[in-house]
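Asks:
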Amino acid sequence: MDSIVVRAHNLKKHFHTKRGIVRAADGVSFTISEQETLGLVGESGSGKSTVAYTVMGIYPATSGELVFKDQDITGALKKRSKALKQDIQIVFQDPGSSLNPRRTIRQILELPLRVHDTVSKKERVDRVAKLMELVELPVDFMYKSPPAIGGGERQMIAIARALATDPSFIVLDEPTSALDVSVQAKIINKLMELQKELNLTYMFITHDLSLMRNMASRVAIMYLGKICEIAPTAEFFSRPLHPYTQMLLSSIPVVSEQEEELKPKKIVSTGEIPSPVNIPPGCSFHLRCPSKMEICSRIDPNIVTPEENHQVRCHLFPGAAGN
Ligand code: SF4
Numbered sequence: 001m002d003s004i005v006v007r008a009h010n011l012k013k014h015f016h017t018k019r020g021i022v023r024a025a026d027g028v029s030f031t032i033s034e035q036e037t038l039g040l041v042g043e044s045g046s047g048k049s050t051v052a053y054t055v056m057g058i059y060p061a062t063s064g065e066l067v068f069k070d071q072d073i074t075g076a077l078k079k080r081s082k083a084l085k086q087d088i089q090i091v092f093q094d095p096g097s098s099l100n101p102r103r104t105i106r107q108i109l110e111l112p113l114r115v116h117d118t119v120s121k122k123e124r125v126d127r128v129a130k131l132m133e134l135v136e137l138p139v140d141f142m143y144k145s146p147p148a149i150g151g152g153e154r155q156m157i158a159i160a161r162a163l164a165t166d167p168s169f170i171v172l173d174e175p176t177s178a179l180d181v182s183v184q185a186k187i188i189n190k191l192m193e194l195q196k197e198l199n200l201t202y203m204f205i206t207h208d209l210s211l212m213r214n215m216a217s218r219v220a221i222m223y224l225g226k227i228c229e230i231a232p233t234a235e236f237f238s239r240p241l242h243p244y245t246q247m248l249l250s251s252i253p254v255v256s257e258q259e260e261e262l263k264p265k266k267i268v269s270t271g272e273i274p275s276p277v278n279i280p281p282g283c284s285f286h287l288r289c290p291s292k293m294e295i296c297s298r299i300d301p302n303i304v305t306p307e308e309n310h311q312v313r314c315h316l317f318p319g320a321a322g323n
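Sequential numbering from 1 applies to the sequence shown in our numbering.
#1: Is it the case that the CB of Ser-247 approaches a heavy atom of the ligand SF4 more closely than 7 Å?
#2: When DSSP builds the beta bridges, which residues end up paired with Val-91?
#3: Does the Cβ-Cβ distance between Leu-38 and Ala-216 come in under 8 Å?
#4: Taking the straight line between their C-alpha atoms, what separation do you get for Tyr-53 and Tyr-59?
#5: For His-315, does the count of other Cβ atoms within 10 angstroms reach 16, so buried, or fall short, so exposed?
#6: Suppose only complete runs of 4+ residues qualify. What are the alpha helix (DSSP H) ranges in the segment 198-247, listed by chain order?
#7: Consult DSSP for Phe-317 and reduce its assignment to one of helix, strand or coil.
#8: Can you list, in chain order, the residues of its chain whose CB lies under 7 Å from that of Met-1, leaving out five sequence neighbours each side?
#9: Identify which residue in Val-277, Ser-168 and Pro-240 has its Cα closest to the Cα of Lys-18.
#10: Taking the CB atoms as reference points, tell me whether Lys-69 and Ile-105 lie closer together than 8 Å.
#11: Tell me, please, which residues DSSP counts as bridged to Arg-7.
#12: Count the other CB atoms within 10 Å of the CB of Gln-71; is the residue buried (16 or more) or exposed (fewer)?
#13: Pick helix, strand or coil for Asp-166, following the three-state DSSP scheme.
#14: Quick one: give me the first and last residue of the alpha helix (DSSP H) that Ile-105 is part of.
#15: Is the beta carbon of His-315 within less than 7 Å of some heavy atom of the ligand SF4?
#16: Do the segment 42-50 and the segment 124-139 meet, that is, are 3 or more Cβ pairs less than 8 Å apart?
#17: Counting only the same chain and skipping the five closest in sequence on each side, list residues whose C-beta sits under 6 Å from that of Pro-301.
#18: Taking the beta strand (DSSP E) that Arg-51 falls in, what are its first and last residues?
#19: Can you check which of these residues, Leu-40, Val-139 and Lys-190, is closest to Met-222 by C-alpha distance?
#20: Does the ligand SF4 have even one heavy atom less than 7 Å from the beta-carbon of His-286?
#21: Give the C-beta separation of Ile-227 and Phe-30 to the nearest angstrom, bearing in mind that I take them to be a contact with Cβ-Cβ under 8 Å.
#22: Around the Cβ of Gly-152, are there at least 16 other Cβ atoms within 10 angstroms (buried) or fewer (exposed)?
#23: Taking Ile-252 as the reference, which of Leu-99, Leu-211 and Val-67 has the closest Cα?
#24: Keeping to the same chain, check which residues put their C-beta closer than 7 Å to that of Asn-100; ignore five residues upstream and five downstream.
#25: Under three-state DSSP, which class holds Phe-141?
#26: Quick one: does the C-beta of Tyr-202 sit closer than 7 Å to a heavy atom of the ligand SF4?
#27: From this set, Val-304, Ile-159 and Val-6, which residue's C-alpha is nearest Val-67's C-alpha?
#28: Which value, in whole angstroms, describes the spacing of the CA atoms of Asp-117 and Gln-86?
#29: Count the other C-beta atoms from every protein chain shown that fall within 10 angstroms of the C-beta of Lys-122, then say buried if there are 16 or more, exposed otherwise.
#30: Between the Cα of Pro-318 and the Cα atoms of Leu-241, Val-139 and Ile-187, which residue gives the shortest distance?
#31: In its own chain, which residues sit with a C-beta less than 7 Å from the C-beta of Met-192, not counting the 5 before and 5 after it?
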């Protein structure tokens, strides 16, 4: 049986703006298998959230293929079946703005049950209690409103709301970046537990590479609308191939001497990230790359597979120029 849940091939999402065309996602390809976590990492403006919102149907794709369990999902959300909408859920970055402060938690968690009509009216309160138990919050919290509980607890409620329709796939859009470090760890651990318990598949969007070390099965790095490297997590951290990945990894904090030894030597980036409406020709990273060659400013490299399951978009690797 094909265990691939999400497949994107040459996925593009372009926005027409007054300043020009923003190629927010520009030929992105990846797969996510059942019960896997794909970490999609990038700086602001890399296109990671655009990819997530295209998968959610919030943005219809400009072109390319996007398939969820053999169903085409390139179009807008309204074209998706009810079952599909139930099966794909999202947890947003800031629970403070994604949860209505004037509703009780019970009302918030009952809303998806009502909209999707998944349980009878009588059973709703039991289902809400069950959702609260899943995220280890006291059941009597259901009578409070979001402002009356802590930030980490609000994010647990946002996770419970995403689970209300029994999805198999959840997009986690920077779910911990608005929280303190101590609370972040709790949320990450809970997400990992829930993944095992409920057989969930995740796409985790973040700008924080260090979060991916324990959480992701594979990591993909995006830069100006393209994936520049994708590999299984252990390999990604121990043998990064792309100069941009090496630059990012060289600057993340580590907790042990062993990890410090594995880190690439500190690489200082030159130049600024270019504007997404004015992406330079050739490799879009060449203005900042310490390894750039003559070809890099002329030809945009193809993604190649120099090692099994490890792909990189860079002219340092044979075949990237299309020869
Ligand atoms: Fe650097 Fe050239 Fe590779 Fe781009 S293609 S990352 S500029 S070496």
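Beta carbons: idealized from backbone N, C-alpha and C, even for Gly. Model, not experiment: these values are computed from the prediction.
Replies: Taking the structure as given:
#1: For the record, residue 247 in the displayed sequence is Met; it is not Ser. Checking every heavy atom of the ligand SF4 against the Cβ of Met-247, none is found closer than 7 Å.
#2: Note: Val-91 sits in a beta bridge opposite Leu-172.
#3: Less than 8 Å separates the beta-carbon of Leu-38 from that of Ala-216.
#4: Spanning the two alpha carbons is a distance of roughly 6 Å.
#5: Buried, by the Cβ-count rule.
#6: Counting only runs that start and end inside the segment 198-247, the alpha helix (DSSP H) elements of at least 4 residues fall at 212-215 and 233-238.
#7: In this structure, Phe-317 counts as coil in the three-state DSSP scheme.
#8: For Met-1, the pLDDT reaches just 43, beneath the cut-off of 50, and the residue's location in the model is therefore unreliable, leaving the point undetermined.
#9: With respect to the C-alpha of Lys-18, the residue from Val-277, Ser-168 and Pro-240 having the closest C-alpha is Val-277.
#10: Between Lys-69 and Ile-105, the C-beta spacing is not below 8 Å.
#11: Arg-7 is bridged to Thr-31 and Val-67.
#12: Exposed is the call here.
#13: In the structure shown, Asp-166 sits in coil (DSSP, three-state: anything other than H, G, I, E or B).
#14: Ile-105 -> alpha helix (DSSP H) spans 105-116.
#15: Checking every heavy atom of the ligand SF4 against the Cβ of His-315, one is found closer than 7 Å.
#16: Here the segment 42-50 does not lie against the segment 124-139, with fewer than 3 beta-carbon pairs under 8 Å apart.
#17: Result list for Pro-301: Cys-283, Arg-313, Cys-314, His-315 and Ala-320, in chain order.
#18: This sequence places Val at residue 51; Arg is not what is there. Looking at the DSSP string, Val-51 is not in any beta strand (DSSP E); the run it does join, the alpha helix (DSSP H), is 48-56.
#19: Selected option, being the one with the closest Cα: Leu-40.
#20: Yes; taking the cut-off as 7 Å, the Cβ of His-286 has a heavy atom of the ligand SF4 nearer than that.
#21: At roughly 7 Å, the Cβ-Cβ gap stays under 8 Å, so Ile-227 and Phe-30 are in contact.
#22: By the C-beta density criterion, Gly-152 is buried, having at least 16 other C-beta atoms within 10 angstroms.
#23: Residue Leu-211 is the option with its Cα nearest to Ile-252.
#24: Within the same chain, Asn-100 has close Cβ partners Ile-108.
#25: The answer is helix: DSSP assigns Phe-141 an H, G or I state.
#26: No, the ligand SF4 has no heavy atom inside 7 Å of this Cβ.
#27: Closest option to Val-67, Cα to Cα, is Val-6.
#28: Spanning the two alpha carbons is a distance of roughly 10 Å.
#29: Lys-122 comes out exposed.
#30: Per the Cα distances, Leu-241.
#31: Shown here for Met-192: same chain residues with a beta carbon closer than 7 Å to its own, the five before and five after excluded, namely Met-215 in chain order.
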